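Numbering (UniProt numbering), first residue to last: 1 to 892.
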């Protein structure tokens with residue numbers, strides 16, 4: 001589970017969204033700013049902030065320097081804004097405040113960014129002397145006001161004031177990966193990244209004002225000796241604190257340390273991490289002696305952070321246990337394997353129920369039961385951890401936090417909250433897709449049917465699960481529903497092979513998997529296109545199609561996550577051209593160009609799509625603007641690095657017939673060849689795959705061979721793929737998958753064996769005797785797992801479909817055909833109704849996505865390639881050099 005995604009679920013029920021789009025009218029904080037004394041003051045919104053500028057107060061005159069942050073809580077935010085606003089307005093000092101209470105809550109929530117958390121107000125002093133004066137004045141005015149510690153800043157005194165050196169206005173530069181990041185200027189005029197990270201940092205050319213020295217000394221006054229425990233490793237970080245493995249200094253006893261930061265890690269009710277740590281402490285004291293529950297060892301405070309030391313339970317998280325044992329992640333799991341797993345999973349489910357019952361016998365509701373809070377030891381015995389949401393049943397309290405797919409709906413109270421989560425876990429053990437259920441509750445019958453058909457369970461097992469999990473009549477409808485029910489298969493043109501989540505889609509049966517030609521795929525593809533078009537928001541300037549959270553850092557225009565990728569998928573699948581949306585893309589890159597030069601996350605990918613669509617002038621302008629940044633790119637990958645930029649240049653050379661672009665691509669290839677020669681060996685956590693590993697450069701090398709005929713490029717491609725294969729492990733059934741440093745190994749495109757396989761297929765066409773090509777059968781076998789958690793192209797089922805489609809075009813075989821048909825049919829487990837059409841969830845399954853990398857556009861491309869050999873399964877795959885006699889587009 002990637003905790004970053006939860007912070008993007010506050011603002012919209014259907015799509016990932018940034019907090020600045022939270023309701024502007026409800027809970028306004030900026031209204032607490034006193035009336036401006038002069039009409040010549042100006043104010044404007046900037047993201048989630050409202051900026052106030054005095055006469056002649058344009059910040060571009062002083063672009064960087066020491067700035068002041070005021071930390072605050074939901075309880076004192078308005079009071080702080082009123083006091084600071086009055087002070088700044090009277091003295092003509094520029095400042096900004098968070099706009100709404102919801103934005104404040106989102107930025108201080110448990111899974112918000114730790115570097116940005118706590119900031120309520122920003123003040124821009126005109127000089128170092130003004131900095132000292134403002135801090136001194138406000139320290140007296142705001143004395144005693146609470147607020148979360150701002151980890152990136154230096155605290156001034158003991159109140160809510162913090163300082164850091166950084167930019168006053170947005171300027172951009174490339175970091176070591178070629179990504180566009182906010183910048184500050186060195187004395188020599190060179191822009192460098194404005195580092196924002198947990199931990200106070202002063203640029204090496206900046207002198208710390210002398211009056212701040214005592215505050216730096218105070219920050220450093222804490223000593224490791226103050227901690228009664230020696231931390232050995234970190235298990236988890238959140239905005240509320242951390243969880244660590246440790247040993248007690250006095251006797252060496254192993255422990256788990258839970259850290260809580262005051263006023264940080266807020267839940268929906270505004271409860272902070274320290275309060276939840278108090279709840280956990282009290283709950284565990286009440287549960288002392290219950291088997292499967294940790295014991296309290298200590299409670300203490302160090303550096304204003306609160307700690308709870310607990311005994312360490314044996315075992316691994318239930319998610320890791322399932323990843324190691326779940327048979328449907330293997331190709332063609334046998335009945336015996338399913339039966340053996342079912343027996344163990346039932347034993348684990350029974351054990352969880354026993355511990356939960358013991359908790360209930362002590363009068364407590366656990367409140368946060370899900371797979372990450374269950375440990376399983378080598379004998380399948382279970383324990384529960386993380387009791388911060390536990391509460392006495394008589395209080396009637398409801399948890400304000402909860403894991404998606406396990407948190408009980410509002411109509412459940414008391415012990416029924418845990419009964420719901422326990423039923424959800426009993427389903428999850430056999431089909432771990434629970435996070436999609438809050439988004440699409442009508443998926444439940446589909447999931448129950450799948451489990452019933454694939455696993456031999458006791459007669460009443462799923463009946464009890466269904467009884468507890470079934471939405472009540474007053475429950476919330478699915479995302480595409482207006483409350484009057486969801487359309488059936490007839491709305492999509494898909495046949496009666498099955499219905500998934502209110503969206504017509506075939507769900508494969510155990511005995512007979514539909515052939516990929518037996519379904520009306522034209523109807524299904526048309527429905528996906530309609531869903532994508534229905535989601536468009538051309539009135540917005542930041543994004544056209546909703547997608548992954550990455551679009552909020554790389555921009556809404558990119559090939560991977562933005563409009564360029566969606567328009568590419570619509571065009572190459574035959575869904576048509578959409579001038580209004582293409583015009584949006586053209587205007588967007590002119591007004592807010594991409595922040596990075598990369599292929600999937602930046603300018604070169606957008607330029608390649610624009611050129612393909614005939615928009616040559618804006619494509620050329622992007623290339624001209626971002627070409628100077630290529631020299632600074634060090635990342636070798638396809639996603640945002642040199643390999644992707646080189647491939648975009650080959651495409652532009654083809655479209656425009658401009659030899660200088662091919663020369664640039666060849667130069668990039670030479671740089672990558674040199675980097676490959678010096679590449680380090682495999683690390684603890686692999687990145688092998690199409691997007692970030694050496695498969696991306698290998699793909700570029702193959703393309704350069706196609707354009708030059710120089711077989712040295714094929715030798716380099718083989719060497720790059722052999723480097724990738726060092727990151728793989730061979731499973732007992734012959735699969736070759738990329739290890740990720742845990743019990744898992746990965747089959748996906750972005751990181752995984754599918755990403756290696758598609759490039760090995762490209763290489764083998766020209767060099768069938770290449771050493772890396774010998775591993776293609778093992779790589780192809782890794783594409784056949786029946787269960788895949790996500791549907792997306794980069795990290796989900798659509799990517800496996802694309803890889804299989806490419807393989808079968810060149811090497812037809814019955815096993816691959818069966819695997820592809822199963823994947824196509826199993827898309828029904830992911831399909832969600834959106835306004836009566838087929839759509840798919842993005843990464844983490846918490847919200848819908850329409851982009852190429854994670855969402856519906858990627859699924860559309862994969863399905864189209866699987867059923868129509870004319871459709872390229874991925875950009876730059878299965879394509880050839882443009883013939884010399886092909887029509888030539890006008891050069892920009």
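For every residue, glycine included, the Cβ atom is placed at its ideal position computed from N, Cα and C.
No experiment lies behind these values; they were computed from the predicted model shown.
- Selection 724, 765 and 617 evaluated against residue 754 yields 724 as nearest (Cα-Cα).
- The three-state secondary structure of residue 311, taken from DSSP, is coil.
- Comparing alpha-carbon positions, the option among 16, 593 and 364 lying closest to residue 395 turns out to be 364.
- Each residue's CA atom was taken as its position, placing residue 145 and residue 129 some 24 Å apart.
- When C-beta atoms of the region 225-235 are compared with those of the region 84-95, fewer than three pairs fall below 8 Å, so the two segments do not count as touching.
- It is roughly 25 Å from the alpha-carbon of residue 134 to the alpha-carbon of residue 197.
- Following the DSSP letters along the chain, one finds residue 841 inside the beta strand (DSSP E) bounded by residues 837-841.
- Shown here for residue 721: same chain residues with a beta carbon closer than 8 Å to its own, the five before and five after excluded, namely 694, 695, 698, 756, 759, 760, 763, 770 and 772 in chain order.
- When only Cα atoms are considered, residue 662 and residue 670 end up about 12 Å apart.
- At a Cβ-Cβ threshold of 8 Å, residue 775 and residue 826 do not count as neighbours.
- In this structure the region 454-473 lies against the region 421-436, because at least three pairs of beta carbons, one per stretch, are closer than 8 Å.
- For residue 119, the enclosing beta strand (DSSP E) covers residues 119-123.
- Each residue's CA atom was taken as its position, placing residue 650 and residue 704 some 8 Å apart.
- DSSP places residue 64 outside any alpha helix (DSSP H); the residue lies instead in the beta strand (DSSP E), whose first and last residues are 64-71.
- Here the C-alpha atom of residue 836 lies approximately 26 Å from the C-alpha atom of residue 820.
- Annotated as distal: residue 608 and residue 584, with beta-carbon spacing of 8 Å or more.
- A distance below 8 Å between beta-carbons, with the five flanking residues on each side excluded, links residue 410 to the following residues of its chain, in chain order: 398.
- With fewer than 16 other Cβ atoms from the protein chains shown falling within 10 Å of its own Cβ, residue 254 counts as exposed.
- In terms of Cβ geometry, residue 459 and residue 851 do not form a close pair [threshold 8 Å].
- Less than 8 Å divides the Cβ of residue 641 from the Cβ of residue 598.
- Taking the CA atoms as reference points, residue 380 sits about 46 Å from residue 872.
- By the neighbour-count criterion, in which 16 or more other beta carbons inside 10 Å mark a residue as buried, residue 262 falls on the buried side.
- DSSP places residue 849 within a strand segment (E or B) once states are collapsed to three.
- In the DSSP assignment, residue 248 falls within the unbroken beta strand (DSSP E) covering 241-248.
- Boundaries of the beta strand (DSSP E) harbouring residue 728: 728-730, taken from the DSSP string.
- With a minimum length of 4 residues, the unbroken runs of alpha helix (DSSP H) contained wholly in the region 228-299 fall at 273-286.
- Where residue 419 is concerned, the enclosing alpha helix (DSSP H) starts and stops at 415-428.
- Looking at the DSSP output, residue 96 bridges to 51 and 122.
- By the Cβ neighbour-count rule, residue 292 is buried, with 16 or more other Cβ atoms within 10 Å of its own.
- Residue pairing of residue 155 in beta bridges, as defined by DSSP: 162.
- For residue 191, the enclosing beta strand (DSSP E) begins and ends at 191-193.
- When 333, 347, 284 and 264 are compared, the shortest CA-CA separation from residue 306 is found for 264.
- Beta-bridge pairing by DSSP links residue 167 to 64.
- Between the C-alpha atoms of residue 359 and residue 747 there is a straight-line separation of about 39 Å.
- In summary, residue 869 is exposed, with fewer than 16 beta-carbon neighbours lying within 10 Å of its beta-carbon over all protein chains present.
- Close CB contacts of residue 188 within its chain, under the 7 Å cut and outside five residues either way in sequence, are absent.
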